[in-house]
Amino acid sequence: MPFHSLDVAAVGYHLLAPHTVRCQELAASMSLKPEQLQSLFVFSLAVHDLGKFARAFQSLAEPELPELVAPDSSLAYGTAEWPHHSEAGAVFLKAFLKSELKHHGLQVWGWPETSNGAKDFLRVMLGMAFGHHGKPVDAGSNKRPSPGFPEDHQAAWEYACEVASWLRPQWPEQAQDKDWLKHFKTMTWHLAGFAVLADWLGSDQSAFPYQSSPQALDDYWQTRALPQAEQALTRLGFGKPLTASFFPGVRSFFGFEPTPLQQWAQDLAWQPGPQLFVLEDVTGAGKTEAAMVLVHRLLEHRQAQGVYFGLPTMATSNAMYGRVANTYRRWFAGEQVPNLVLAHGARHLNPGFVQSVIAEQRRDHAYGDEEQTASAACNQWFADSRKKALLADVGVGTVDQALMAVLPFKHQTLRLIGLANKVLVVDEVHACDDYMARLLEEVLRAHAQQGGSAILLTATLPHAMKRSLVAAYQRGRGLNAETVKELAAFPLATRVTDQSLEQTPLATRDSVIRRVEVETFNEAEAVIDHLVGTAERGQCGCWIRNTVDDAIAAYQTLRERAPDPSKVMLFHSRFVMADRQAIEQAALERFGKTSTAESRAGWILVSTQVVEQSLDLDFDQMISDLAPMDLLIQRAGRLHRHRRDALGNPIDTDDQRQPPVLHLLAPSYDDQPGPDWLSAHLPGSGAVYRDHGQLWLTLKTLRDEGGIDMPGRARHLIESVFGDDAEAQIPEGLQQRHLDQEGERSSHRAMAGFNRLDMEQGYSVKASHGWMDDVNIDIGTRLNEEPSITVTLVRQDEGGMLKPWVEAEQFAWELSQLQVRESLARRLPEWPQALAAERDSLTERYPGLKFSRLWLAEEESSMDYSQEMGLHRVPRIGRKDENNA
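Letter by letter, the sequence shown follows residues 1 to 885 of full-length UniProt numbering.
Set out below in C-alpha cells:
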C-alpha cells in the first residue's frame, strides 16, 4: 500500500509537471508557482490512501508475509465503525488535527504555520485526494474516533510524516487569506479529476507491478515510482504535448474561398488568454469551418492542446465526426497522430488512430461487495466508449458528455479535466432547452475558470440566451460582466476575452441570401397528395414530423400511395446505430450536396427532428409539421440548400428550380384561438411543443411576413417569438397554456440550478444534494418527463450463443444499440429466465452492456424491429411475421 501510494504520487508528479500547460494554468489561477502546485498535489496523492492503514481494510487480504499484521475477519469493513478507506483517510486527518498536529504544530510536516487557515487548507487539499473514488468523502462528526487500532493510527501518522520529510511540500503563504482559500476551494474540482486519473494510471499492474520486498520509501520513490510513472505516461501520450501546425489561411487549408465569417476568423487580431466566441450566421454559411479556423489558431498559439465538439444529438454528432475526421490531422505538425474518438457508435474509428485513451487494465482482487479497485473502476468507466471522447485529443459527441461535468455523477471530475486545455465547441447551441442551457452556463463558467476557451455556433439564438451564456463565461474568468448589447445585425461574431467584449456585424455569402415562401396545409391528406405529386414529377421531397409514431404512420401511407414504394425512406431516432448510420449515408447520397437528378428523382424522406441539424441535405420540396420558429428556420435550411438546374443536377450558376416553398402542416390561423387550437388537430405536435402560444406566434409571424428572409429578417423572426416583448402578443385563449409553460421553463432552470454542483463549496459533499452512479446519460442532462434507456438488440446463433444484432468486425455491440424512452422500453419483453446465465456471462465479457437493457429481438412481442421501420409497435391484428412480410 505505501508503494502504491507513491506510484500514484509519481503519476501526479509527471501529470502536473511545472512545464506543462495544465500545471501552469492551474497554478496561475490559484496564484501559486507551478513547482509549488506540483509539490502540494504530489504530497496529497502520497497520502490519498491513508485510510488503508485501518485494520478493517488490511483484513481484506491475507498475504503470506509474517512481517505484516494478522488479518482480523471479525472487522466489518465498510460500516460506520470501519468506514470505506477513502472516508477513513479523512477521519485519520481529523484525528491528526485534534492530536499530533495540534500538539506538535504543522512544522512536523514542514509548515511553520499555526493559523486556522492553514488547517482549513489541509482539510480542503487532502480531502480532495481522499475523494479519489469519484465523489467527495465526509469525515463525519468531531466525536468520531480514529478508524483503527492505536497502532493503525500510529502507522498512518508515521507514514505521513515520513513522506512529508523528503517530498517537502511547498505550503502556501496565502492559506490564512479567506478569499484566497475560498477561490482555492473552487479549483479542487479540477485537482480531484487529476487525482482520479493518477490513481487509475498508478494502479495499472503492467506499469507498476506489486512489490513485497522491503525498500526505503524515498529510495523506492527515486528508483521505481518516478521512472515507472514517466514511462507509463509517455506510452499513453501524456509525456509530450502535441505540436500544432501553422494555420495557412482558409484558401490553403480548406481549398475554397472564405465566407465573410471565415474571413473574420482568419484575420482576427489575436489576443492571448482564454476566449469565448459566439458565431451567429445562417445555415450553410460555413460556421463549422469558421470554428475550425479558430480552433487551429488557438492550438497554434498554444492556448489549447485539443478540442471537444458537443452536438445536440447523435445524428448531428455523426455528421460532425465525418467533417472533423477529414481535417483534424492537419491541425498538428509532422507525423503526430492525435487520438480521435467519437463519443458514441464508434463506427468510423480508423484502425490507424489510437482507439483507447487508456487500455483495459488487469483486474485486481476485489476488496468486497461495496468496494471497487481503481483498475476495476477504470475498466468500467471506459467500457462506455462515449466517455473516452472527453479525454481524447480530439473528441466528438453529444453536449451531454460536457454537461455531466457539472452534475453530481460519479467521476464527473474526469469530464471536467477532460475539457481542460481543450477548446469546447458547442454546435446548434440554440437546440438546448432551458434546463440544458442553465447547465451549459455552469459548464462555461467552470471551463473558463480552468483557463479554457469555447466556441458557440448558432443560426437562431435568442438574445436573452446569448446574454446568459456570455455572462456565465465572464463569471468564470472573474470579470465584471459586461452586458451584451442587443444588436439587430445578423450575421454577428462575438468575442469575449479578459480584456474586452467585441461584437462584429458581418456580411454573409451571396449563395445563402434568400427568401423561402411559406404556405400551409391543414390536413395530412393534402401533404400526402403533395408528396406523391412531387415524386411523380421526378423531384425529391421531405416531410419532417414531430413524433416518431407520426413519422412511421406517414411512411406507411406513402408506401401505399407513392409511384415507387421502394423510394420512400424513413429516418428517426429508434434505429440501432448501424442502421441509423446506414440511413444517414443513404440520405447523404440521395439528397446531399453532390447528388444528381438521377439519384434524387422520385425519392421521399419521412423524418423526425433528427434531420433538421448538421446533415448537409438538399430537397426540392419540404413539408414540416408546425414547430417553433427557430426549428422551422433550421428545417428550411434543407430546402434548396445547394444550387441546381431544373432537373436537380448541381450547377455553379443561380438555382434554376422554382422558388423554394416551405409547406407547413398546421391548424388554420385564428386571431382568437381556443385552448385546443393545436391539440385538436395535431395532438402529437401539441404534446412535443407544449407552448402553443409560441407556435401561434410562429404561424402569425410567418403569415405576416409571407416567408423566411435570411439573413435580413433573422433577428425579427426569432425575437417575434422568443423576445422579451413577444408574450404580450399571445391571444387570451392560449395565454394560460403559455404562462404554464413559462412557469415550467422557470422551474426547469431552477431544477438545473438545484441539480448542478455548487462549485463554490469545493470538492465536498456539501456541493450536492446527493451523488448519482454514472449509469444513464439522460438522468440529469436532459429534463425529460421520463428518462431514455439504452436498448441493446441481441440474437441467438444456431448454437444458442448470444450475438449482437449487427454483424461487424468492430464495435458490434455499440452498433446494435438504440435509445428509447422508458415507457416504450417497458413494452419490451423481459429477458428469458432460461437464458439468465448466458446473459450474465455476456455482461461479464462486455462490461459496457451492463449500462443497457438487453432485448432478444427475435422473440414474439408487441414490439418489432426492422431495418426499414426501426423499433415500432406491432398491430394487434396479425402475427409478427405476417406484419414484417
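Beta carbons: idealized from backbone N, C-alpha and C, even for Gly.
- Cβ neighbours of A752 within its own chain (closer than 7 Å, five residues either side excluded): Y435, R438, L439.
- Residue E289 holds the alpha-carbon nearest to the alpha-carbon of Q263 among E289, L276, V278, A244.
- When rounded, the separation of the alpha-carbon atoms in L702 and F811 is 46 Å.
- Distance from the CA atom of M1 to the CA atom of K52, rounded to whole angstroms, is 7 Å.
- Along the region 148-210, the beta strand (DSSP E) does not occur as any fully enclosed run of 3 or more residues.
- The C-beta distance from L828 to M869 rounds to 16 Å, too long to fall under 8 Å, and the pair is not in contact.
- One thing to note: L695 has its Cβ within 9 Å of the Cβ of A627.
- Check the Cα spacing between G395 and each of V307, V518, D797, K287: the tightest is with V307.
- Counting only residues of its own chain and dropping the five nearest sequence neighbours on each side, H463 has a CB closer than 6 Å to the CB of E486.
- Within the same chain, Y13, L16, A17, P18, C23 come within 7 Å of Q38 by CB-CB distance, once the 5 residues on both sides are set aside.
- Taking C-beta atoms as the reference points, F619 and R641 count as a pair closer than 9 Å.
- Collapsing the DSSP output to three states places A269 in coil.
- Look at R839 here: in three-state DSSP terms it is helix.
- Under the DSSP assignment, A454 falls in the beta strand (DSSP E) whose first and last residues are 453-458.
- Following the DSSP letters along the chain, one finds E64 in no beta strand (DSSP E), marked with neither H nor E.
- Here the region 178-193 lies against the region 750-768, with 3 or more beta-carbon pairs under 8 Å apart.
- Annotation: R795 is outside any alpha helix (DSSP H); the continuous beta strand (DSSP E) that includes it extends over 788-796.
- Counting only the Cα atoms, R224 lies some 13 Å from Q205.
- Excluding its 5 nearest sequence neighbours in each direction, Q275 has C-beta neighbours in its own chain below 7 Å: S453, R495, V496, T497, listed in chain order.
- Assignment of alpha helix (DSSP H) within the region 238-288, counting only whole runs of 4 or more residues, yields 250-254, 260-267 in chain order.
- For A9 and A448, the gap between their C-alpha atoms comes out near 27 Å.
- Nearest Cα to G602 within the set T843, K567, R756: K567.
- In this structure, A139 keeps its C-beta atom at 9 Å or more from the C-beta atom of E64.
- Where A493 is concerned, the enclosing beta strand (DSSP E) starts and stops at 492-496.
- The Cβ neighbour count for P563, taken over all protein chains shown within 10 Å, is under 16; the residue is labelled exposed.
- If you keep only unbroken alpha helix (DSSP H) runs of at least 4 residues inside the region 479-543, you get 524-536.
- Residues of the same chain with a CB within less than 8 Å of the CB of G706, apart from the 5 flanking positions on each side, are E517, V518 in chain order.
- Between L311 and E612, the alpha-carbon positions lie close to 13 Å from each other.
- Exclusion of the five residues before and after L93 leaves L126 as the residues of its chain whose Cβ lies within less than 6 Å of its Cβ.
- According to the DSSP assignment, H463 belongs to the alpha helix (DSSP H) that extends over 463-476.
- Taking C-alpha positions only, A46 is separated from I789 by approximately 40 Å.
- Boundaries cannot be given for W603, as no beta strand (DSSP E) includes it and DSSP labels it neither H nor E.
- Taking a 10 Å sphere around the C-beta of Q499, we find fewer than 16 other C-beta atoms and assign the residue as exposed.
- Distance from the CA atom of G249 to the CA atom of Q266, rounded to whole angstroms, is 6 Å.
- Counting the other Cβ atoms within 10 Å of the Cβ of Q621 gives 16 or more, which makes it buried.
- Residue state for M863 is assigned as strand, using DSSP reduced to three classes.
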